[in-house]
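Under the numbering used here, the first residue of the sequence shown is numbered 38, with each subsequent residue one higher. We put the beta carbon where it would ideally sit given N, CA and C, even for glycine. As the structure is a computational prediction, the values presented were derived from the model and not from experiment. The structure appears below as structure tokens.
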Amino acid sequence: MTIEERKAQNERCFARIQDIASNLFDGERYKLESKVGKLEIDINRLEKEADKLATDIYGLEKDIDKLNESDMYELKGEKRELESAKRELEMEKSGLISEKDELESEMYELKSEMDKLEIDINDFKIDMNEMEAYIANNLDKICNEEAEKTHIPDGMIEKTLPETVEIIDCEQQSNLPWWEKIIDAKLKVRFVKKLFDGNESVYHKLLQDIDNCSTWSKADACIVRYLIRVKKKHTDSVAVEFCRTIEKRFLENT
Numbered sequence: 038m039t040i041e042e043r044k045a046q047n048e049r050c051f052a053r054i055q056d057i058a059s060n061l062f063d064g065e066r067y068k069l070e071s072k073v074g075k076l077e078i079d080i081n082r083l084e085k086e087a088d089k090l091a092t093d094i095y096g097l098e099k100d101i102d103k104l105n106e107s108d109m110y111e112l113k114g115e116k117r118e119l120e121s122a123k124r125e126l127e128m129e130k131s132g133l134i135s136e137k138d139e140l141e142s143e144m145y146e147l148k149s150e151m152d153k154l155e156i157d158i159n160d161f162k163i164d165m166n167e168m169e170a171y172i173a174n175n176l177d178k179i180c181n182e183e184a185e186k187t188h189i190p191d192g193m194i195e196k197t198l199p200e201t202v203e204i205i206d207c208e209q210q211s212n213l214p215w216w217e218k219i220i221d222a223k224l225k226v227r228f229v230k231k232l233f234d235g236n237e238s239v240y241h242k243l244l245q246d247i248d249n250c251s252t253w254s255k256a257d258a259c260i261v262r263y264l265i266r267v268k269k270k271h272t273d274s275v276a277v278e279f280c281r282t283i284e285k286r287f288l289e290n291t
């Protein structure tokens, strides 16, 4: 796996970690906050109902002395029912408070996990930045090493191809078609806007540098150097399309 492929793989992992972490935290936090909000509403309702019962009980107690024995017995029974209902409400309130405490504890644990994950993500970012700095500072060395890995020894092509196949010398790459035959006007506008920030002069300068490359591997290294210098991601769709267009130009003339 080349450094560029490893870097692309790390970027995809980093993006996936961020998406998973963000979806997990936002989803769980929303559910927990919704539950806590509902519990608080229920608790407030129960408190109001309990206060009302207490007021009713107090009013009944004041009226007891004014009533006869029969009415008093009936009111005492009603009082007992109200007191029983109040106890049930207090028990329900206590259960809701306990459930709220558990949810808040769960939210705290989730936040702790997110903080730890954020630390891991920051460490990953640091590693990525160090790798990008190393590549930028050692670009020529890295490109040379990659070129050596893909270098074909002299005479190897002649040994592997049939005798009837004509061996094409690298010097013949000078006969490659001009760019307008490969890159139409619409595609050129897209490349200039996305990869060259609207600067057509930089676009033509890179094409001239590519023209001086005798092989696709050298042209590819030239493109990589440019993308790193201007801090463009080689995995973006427009960068991939640009590379494939340039590669097609070389392959059609081999």
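Enumerate in chain order the residues of its own chain whose CB-to-CB distance from residue i is below 7 angstroms, with the five nearest sequence positions on each side excluded.
i      : result
Cys50  : none
Leu154 : Ala58
Arg227 : Val275
Ile283 : Ile247, Ala256, Ile260
Using C-beta distances below 8 angstroms, list every residue in its chain close to residue i, excluding the 5 sequence neighbours before and after it, in chain order.
i      : result
Lys116 : Ile94, Leu97, Glu98
Lys285 : Ile219
Gly235 : Val229
Between which two residues does the alpha helix (DSSP H) harbouring residue i extend?
i      : result
Lys218 : 216-219
Asp234 : Here Asp234 belongs to no alpha helix (DSSP H), and DSSP marks it neither H nor E.
Lys285 : 274-288
Val267 : First-last for Val267: undefined, no H or E at that position.
What does the Cβ neighbour count give for residue i, buried or exposed, with the cut at 16 atoms within 10 Å?
i      : result
Tyr240 : buried
Asp100 : exposed
Glu208 : In this prediction, Glu208 has a pLDDT of 41, which is less than 50 and means its spatial position is unreliable; what the coordinates show is noted afterwards. With fewer than 16 Cβ atoms within 10 Å of its Cβ, Glu208 is classed as exposed.
Ile78  : exposed
Leu76  : buried
Leu232 : buried
Leu288 : exposed
Ile260 : buried
Ala256 : buried
Lys44  : buried
Pop quiz: residue i and residue j are said to be a contact at Cβ under 8 angstroms. What is the actual Cβ separation, rounded to whole angstroms?
i      : j      : result
Arg262 : Leu147 : Rounded, the Cβ-Cβ distance is 44 angstroms, inconsistent with contact.
Val73  : Glu141 : 7 angstroms
Ile158 : Gln46  : About 16 angstroms separates the two Cβ atoms, so there is no contact after all.
Which residues in the same chain have their Cβ closer than 6 angstroms to the Cβ of residue i, if we skip the five residues on either side of it in sequence?
i      : result
Asp206 : Any reading at Asp206 must be qualified, since the residue scores a pLDDT of 38, below 50, and its modelled position is unreliable; the value itself is stated next. Cβ within range, chain order: n/a, list empty.
- Task: Taking only runs that begin and end inside the region 143-176, name each unbroken beta strand (DSSP E) of 3 or more residues, in chain order.
- Result: As far as the region 143-176 is concerned, it has no whole beta strand (DSSP E) run of at least 3 residues.
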